[in-house]
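J.: When you line the sequence shown up against this note's numbering, it's residues 74 to 194, in that order.
We treat Cβ as the ideally placed atom computed from N, Cα and C, and that holds for glycine.
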Amino acid sequence: MPRKPLRPCGYSGCPNLTEGTYCAEHKKLTDKQYNRFQRDKVVESIYNSREWKELRRKKLGINPICECCFEKGRIIKATMVDHIVPIKQGGAAFDMNNLQSLCQSCHSSKSAKEGSRWGKR
Ligand SMILES: [Zn+2]
Ligand SMILES: [Zn+2]
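#1: When you measure from the CB of C139 to every non-hydrogen atom of ligand 1, does any distance come out below 7 Å?
#2: Short of 7 Å in beta carbon distance, which residues of its chain neighbour R194, apart from the five on each side in sequence? Order them along the chain.
#3: Determine the DSSP secondary structure at K150, reduced to helix, strand or coil.
#4: Anyone know if the C-beta pair for C176 and I149 falls short of 8 Å?
#5: Just jot down, in chain order, the residues whose CB lies closer than 6 Å to any heavy atom of ligand 1.
#6: Could you say if the stretch 150-167 and the stretch 111-128 meet the contact criterion of at least three C-beta pairs nearer than 8 Å?
#7: In or out: L172 buried (at least 16 other Cβ within 10 Å) or exposed?
#8: Does DSSP put L79 in a helix, a strand or coil?
#9: Unbroken beta strand (DSSP E) runs of length 3 or more, entirely within the stretch 104-189: which are they?
#10: Can you say whether T91 is buried or exposed, counting buried as having 16 or more other CB atoms within 10 angstroms of its CB?
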């Protein structure tokens, strides 16, 4: 039986050799990333739920104007409903008090900010 050839760890820049895809150290790391992926799945399933779609519609009915722009004295029609505390950070998904109506541009600048904050961890 030929031995399985050792290959370099699939993590870029890692000099360790392994029989699998990653060395022991990086396998742990990719498992963690997998967990994060699972969490994304949970968030996705919330956004796809009927409960969320109804809540979202209700919120836009109550606050049809971007709350962020409104604070700056601009009246812009809101198209999205955003979680003030993101679900991924433990924010309540179905709590009206954790929701804000946003326009497309405010929403994308907010998620860009969140993205960079999360990227540092
Ligand atoms: Zn490695
Ligand atoms: Zn806005």
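T.: This is what the structure holds:
#1: no
#2: Low confidence applies to R194: its pLDDT is 42, below 50, so where it sits in the model is not reliable enough to give any reading.
#3: strand
#4: yes
#5: C82, Y84, C87, N89, Y95, C96, E98, H99
#6: yes
#7: buried
#8: coil
#9: 153-156, 172-175
#10: buried
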